[in-house]
Amino acid sequence: MPRPLTLALTAGAALLARRAVRRRIEGSPLWPLPALAEPVSGRPRSRALRLTVAAHQTVADGVVQLQLEGRELPSWAPGAHLDLVLPSGLVRQYSLCGDPADTSSYTVATRLVPDGRGGSREVHEELRAGMAVEVRGPRNRFPLAPAPAYVFVAGGIGITPILPMLRAVSAQPGLEWRLLYGGRSRASMPYLAEIEKLGAGDGRVTVVAEDEDGLPDLDALFAGVAADLPEGTAVHCCGPEALTAAVEARVPEGAVLRLERFAPGASTGGDRPFEVELRRSGRTLTVAADSTVLAAVRAELPDTAYSCEQGFCGTCQQRVLAGEVDHRDELLTDAERAESMLICVSRARRSPLVLDL
Ligand code: FES
Numbered sequence: 001m002p003r004p005l006t007l008a009l010t011a012g013a014a015l016l017a018r019r020a021v022r023r024r025i026e027g028s029p030l031w032p033l034p035a036l037a038e039p040v041s042g043r044p045r046s047r048a049l050r051l052t053v054a055a056h057q058t059v060a061d062g063v064v065q066l067q068l069e070g071r072e073l074p075s076w077a078p079g080a081h082l083d084l085v086l087p088s089g090l091v092r093q094y095s096l097c098g099d100p101a102d103t104s105s106y107t108v109a110t111r112l113v114p115d116g117r118g119g120s121r122e123v124h125e126e127l128r129a130g131m132a133v134e135v136r137g138p139r140n141r142f143p144l145a146p147a148p149a150y151v152f153v154a155g156g157i158g159i160t161p162i163l164p165m166l167r168a169v170s171a172q173p174g175l176e177w178r179l180l181y182g183g184r185s186r187a188s189m190p191y192l193a194e195i196e197k198l199g200a201g202d203g204r205v206t207v208v209a210e211d212e213d214g215l216p217d218l219d220a221l222f223a224g225v226a227a228d229l230p231e232g233t234a235v236h237c238c239g240p241e242a243l244t245a246a247v248e249a250r251v252p253e254g255a256v257l258r259l260e261r262f263a264p265g266a267s268t269g270g271d272r273p274f275e276v277e278l279r280r281s282g283r284t285l286t287v288a289a290d291s292t293v294l295a296a297v298r299a300e301l302p303d304t305a306y307s308c309e310q311g312f313c314g315t316c317q318q319r320v321l322a323g324e325v326d327h328r329d330e331l332l333t334d335a336e337r338a339e340s341m342l343i344c345v346s347r348a349r350r351s352p353l354v355l356d357l
């Protein structure tokens, strides 16, 4: 996990947060980029492709970019990600950051997380050009919203899903957009040269390297958004939890917010144990206060699918037959939540919870 950006909060931001409006915007007549629209899918698809690592190169301090080659690859739109099946069997999600028009290769990038769960280390240290890897997808849980203007906020490697959005939006003459791109240092921030070129000379791009500039001034960014940009401006943010939470707290009234987090949403705290009945298996399990439904289920059913364990990939989605779910993901729609849950992060409000397993 990248080190979170540290952000200063103010009382003014809290006021803005209380006025924030979040609304669904699919089908909006304001949509200026129809070719890029891609509906948020329901259940994840499990299309598998065997690709070749054509290039493995360092594009910033601690960041490796992979170019994965194949033929007639499935199309994708900005915000989409791939499931990358690593040689060890670990599955990790990486945002596509290349050109959607390129049907012969996918490009992803990953930051090395030395104390992470092993996926980034394997990409950095064991994958090499010429090796074959399996991928699934692409899937898009973070599509570019239809809007009359755009604000993008990216923290560190969170620039990867934002970059194709920027390229698309900046190619539309007259379309207003702004970007705040933060990171620990300029050397650690991938794609910086291209991004600064996209916003050259017009002040649309603000780059904040903490070691030179201190903290990103989100209050100033959103004060400008509220003053200058129209109703319905879409705010897309990807980065560590501290950044996404700070953006969420500042989105001005009338704006539309879309977030992609590196980590699950905040815990409600005070977790308690509860029971889960696996109806088809005829078993009842106890989920400890400090554990997850996924862990309890896998202890009984080791083949139960999962991937990110952070509530953003959808792989662990299971049908709920009875019970009250404490949903803690940012992924499922209301309709999906009415009948299912992501068992890696969500819990039960009370026992028992009955799953179709
Ligand atoms: S394993 Fe990815 S959402 Fe649960």
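Just so it is clear: in the sequence shown, position 111 is 111 by the UniProt record's numbering, and no numbers are missing.
Each residue gets a CB set at the ideal place from its N, CA and C atoms; glycine is no exception.
- Going by C-alpha positions, D329 is about 7 Å away from L342.
- Under the three-state reduction of DSSP, R139 is assigned to strand.
- According to the DSSP assignment, S95 belongs to the beta strand (DSSP E) that extends over V91 to S95.
- Taking a cut-off of 8 Å for Cβ pairs, the stretch 298-310 and the stretch 56-74 do not touch, as fewer than three such pairs fall below it.
- Here M131 is exposed, its C-beta having fewer than 16 other C-beta atoms within 10 Å.
- Sequence-distant partners of T58 (beyond 5 residues in either direction) whose C-beta falls short of 7 Å from its own C-beta, in its chain, are V64.
- DSSP, read as helix, strand or coil, puts V251 in coil.
- Residue range I159 to S170 is occupied by the alpha helix (DSSP H) that includes M165, with no beta strand (DSSP E) assigned at that position.
- Of the residues D326, C344 and C313, the one whose Cα lies closest to the Cα of S95 is C313.
- Under the Cβ criterion (8 Å, minimum of three pairs), the stretch 177-197 does not count as touching the stretch 129-144.
- Within the same chain, and ignoring the five residues on either side of A348 in sequence, the residues whose Cβ sits closer than 6 Å to its Cβ are F274 and G323.
- Of the candidates C344, A234 and L278, A234 places its Cα closest to the Cα of R258.
- With fewer than 16 neighbouring CB atoms inside 10 Å of its own CB, S88 falls in the exposed class.
- Around the beta-carbon of S340, 16 or more other beta-carbon atoms lie within 10 Å, marking it buried.
- Short of 6 Å from the beta carbon of Y150, and not among the five residues preceding or following it, lie these beta carbons of its own chain, in chain order: V169, W177 and A234.
- Not one heavy atom of ligand 1 is found less than 7 Å from the C-beta of Q318.
- Under the Cβ criterion (8 Å, minimum of three pairs), the stretch 208-216 counts as touching the stretch 174-192.
- Among the bridge pairs identified by DSSP, C237 is matched with V153 and L259.
- Counting the other Cβ atoms within 10 Å of the Cβ of Q172 gives fewer than 16, which makes it exposed.
- Among the bridge pairs identified by DSSP, A60 is matched with V63.
- Taking every protein chain shown into account, the CB of T160 has 16 or more other CB atoms within 10 angstroms, so this residue is buried.
- Taking every protein chain shown into account, the CB of R261 has 16 or more other CB atoms within 10 angstroms, so this residue is buried.
- Here D219 carries a helix assignment [DSSP, helix/strand/coil].
- In the DSSP assignment, E277 falls outside any alpha helix (DSSP H) and lies within the beta strand (DSSP E) extending over F274 to L278.
- In this structure, the straight-line span from the alpha carbon of A77 to that of Q93 is close to 16 Å.
- The residues Q65, L66, Q67 and A129, in chain order, have a CB closer than 8 Å to that of A55 in the same chain once the five nearest residues on each side in sequence are set aside.
- As a beta-bridge residue in DSSP terms, R319 pairs with S340.
- Relative to ligand 1, the beta carbon of T304 is positioned no closer than 7 Å to any heavy atom.
- With a beta-carbon spacing of about 6 Å, R121 and L112 fall inside the 8 Å limit used to define contacts.
- Under the three-state reduction of DSSP, V345 is assigned to coil, being neither helix nor strand.
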